[in-house]
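If you're matching positions, the sequence shown starts at 1 in full-length UniProt numbering and goes up one per residue. Glycine included, every Cβ here is placed at the ideal spot set by N, Cα and C.
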Amino acid sequence: MATSPASFSDIGKRAKDLLTRDYNFDHKFTVSLQGSSGLGLTATGLKRDQIFVGDINTLYKSGKTTVDVKVDTYSNVSTKVILSDILPSTKAAFSFKIPDHKSGKLDVQYIHPHAAIDSSIGLNPTPLLELSAAIGSKDLSLGAEVGFDTASATFTKYNAGIGMNRPDYSASVLLTDKGQTLKASYVHLVNPVNGTTVGAEMSHRLNTNENSFAIGSSYALDQLTVVKTRFSDNGKVAMLCQREWRPKSLISFSAEYDSRASNAAPKLGLALSLKP
């Protein structure tokens, strides 16, 4: 719903996307094909050092049902079946992996004009339970999440946060790592004409008083080319140049230099995405 608050997992997402999205320091190749019958096929290959891995993903949509099947290099088969509007404003997803017979999971999402609730339960005798909820509006949301492992009777996570989203800026404050880390982020659209965007994320470890930060920017050279930069307190500087060389097909070049490891060569990455 257009007026509903963002899910808890989306609080701070705009800052995370600015600082991390599309950065790749390996060699990645993706080809996507979409048929008129609702069947889509995506093949991905990734070369990391001297190791090459890949997967083939098949997506089929029919009415309110979506079936997603992925096979990777090691013959693992991941399947997800998504059912939309099984109840008003409710979506359910059933997923499992072969040969892992304990990987079954059921996810249910409910969207209300003033609330967004996500729940997950493992389909095994000692399941992992997860629940997150956010209340508010599309501009302001307040939420929390919790995870509980029934096998050990312990909480795997409990986090909380608040986020504000406007067309020209986004801000968030999150308490993560079971209350041990405080994160604050801010993203601002400086120039809507060329898409100039700047943002930062700062973290403070409450138990050790350690601080960290990252600053990023994004700028559109033209309608087809975007340049992103990132600087972190650990001395790493990264740059990304992405160009849409044909409709929906992208080529991305990434580079990262660690100023504290002057003897190490910069990391370079190339990603090519084809959508005929």
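With DSSP run on the structure shown, which of helix, strand or coil describes residue i?
{"i": "residue 15", "result": "helix"}
{"i": "residue 25", "result": "coil"}
{"i": "residue 152", "result": "coil"}
{"i": "residue 126", "result": "coil"}
{"i": "residue 258", "result": "strand"}
{"i": "residue 9", "result": "helix"}
{"i": "residue 20", "result": "helix"}
{"i": "residue 210", "result": "coil"}
{"i": "residue 277", "result": "Outside the modelled stretch of the chain, which goes from 1 to 276, sits residue 277, for which no answer is possible."}
{"i": "residue 194", "result": "coil"}
{"i": "residue 3", "result": "coil"}
{"i": "residue 107", "result": "strand"}
{"i": "residue 50", "result": "coil"}
{"i": "residue 204", "result": "strand"}
{"i": "residue 139", "result": "coil"}
{"i": "residue 179", "result": "coil"}
{"i": "residue 102", "result": "coil"}
{"i": "residue 265", "result": "coil"}
{"i": "residue 216", "result": "strand"}
{"i": "residue 163", "result": "strand"}
{"i": "residue 221", "result": "coil"}
{"i": "residue 74", "result": "coil"}
{"i": "residue 147", "result": "strand"}
{"i": "residue 112", "result": "strand"}
{"i": "residue 38", "result": "coil"}
{"i": "residue 168", "result": "coil"}
{"i": "residue 57", "result": "strand"}
Buried or exposed: where does residue i fall if 16 or more other Cβ atoms within 10 Å of its Cβ makes it buried?
{"i": "residue 14", "result": "buried"}
{"i": "residue 226", "result": "buried"}
{"i": "residue 197", "result": "buried"}
{"i": "residue 8", "result": "buried"}
{"i": "residue 11", "result": "buried"}
{"i": "residue 50", "result": "exposed"}
{"i": "residue 102", "result": "exposed"}
{"i": "residue 153", "result": "exposed"}
{"i": "residue 240", "result": "buried"}
{"i": "residue 105", "result": "buried"}
{"i": "residue 271", "result": "buried"}
{"i": "residue 64", "result": "exposed"}
{"i": "residue 118", "result": "buried"}
{"i": "residue 137", "result": "exposed"}
{"i": "residue 62", "result": "exposed"}
Can you list, in chain order, the residues of its chain whose CB lies under 6 Å from that of residue i, leaving out five sequence neighbours each side?
{"i": "residue 215", "result": "200, 231"}
{"i": "residue 81", "result": "67, 94"}
{"i": "residue 259", "result": "235"}
{"i": "residue 45", "result": "29, 54"}
{"i": "residue 244", "result": "224, 250"}
{"i": "residue 69", "result": "58, 79"}
{"i": "residue 170", "result": "14, 187"}
{"i": "residue 229", "result": "217, 239"}
{"i": "residue 184", "result": "173, 202"}
Are the Cβ atoms of residue i and residue j separated by less than 8 Å?
{"i": "residue 249", "j": "residue 221", "result": "no"}
{"i": "residue 32", "j": "residue 42", "result": "yes"}
{"i": "residue 121", "j": "residue 127", "result": "yes"}
{"i": "residue 5", "j": "residue 115", "result": "yes"}
{"i": "residue 97", "j": "residue 76", "result": "yes"}
{"i": "residue 238", "j": "residue 23", "result": "yes"}
{"i": "residue 108", "j": "residue 92", "result": "yes"}
{"i": "residue 110", "j": "residue 90", "result": "yes"}
{"i": "residue 71", "j": "residue 86", "result": "no"}
{"i": "residue 314", "j": "residue 269", "result": "Outside the displayed range of the chain (1 to 276) lies residue 314, so it cannot be described from this structure."}
{"i": "residue 218", "j": "residue 18", "result": "yes"}
{"i": "residue 256", "j": "residue 266", "result": "yes"}
Using a Cβ-Cβ cutoff of less than 8 Å, which residues in the same chain neighbour residue i once the five nearest sequence positions on both sides are dropped?
{"i": "residue 213", "result": "200, 201, 202, 203, 232, 233"}
{"i": "residue 263", "result": "none"}
Please go through the same chain and pick out, in chain order, the residues whose beta-carbon is closer than 7 Å to the beta-carbon of residue i, but skip the five residues on each side of it.
{"i": "residue 175", "result": "159, 160, 161, 182"}
Below 8 Å, can you find three or more Cβ-Cβ pairs linking the stretch 184–195 to the stretch 205–213? No, the stretch 184–195 is not in contact with the stretch 205–213.
Between the stretch 28–38 and the stretch 231–244, do three or more beta carbon pairs fall short of 8 Å? These segments do not touch.
The stretch 160–177 in contact with the stretch 135–144 per 3-pair CB rule at 8 Å: The answer is yes - the stretch 135–144 touches the stretch 160–177, with three or more Cβ pairs under 8 Å.
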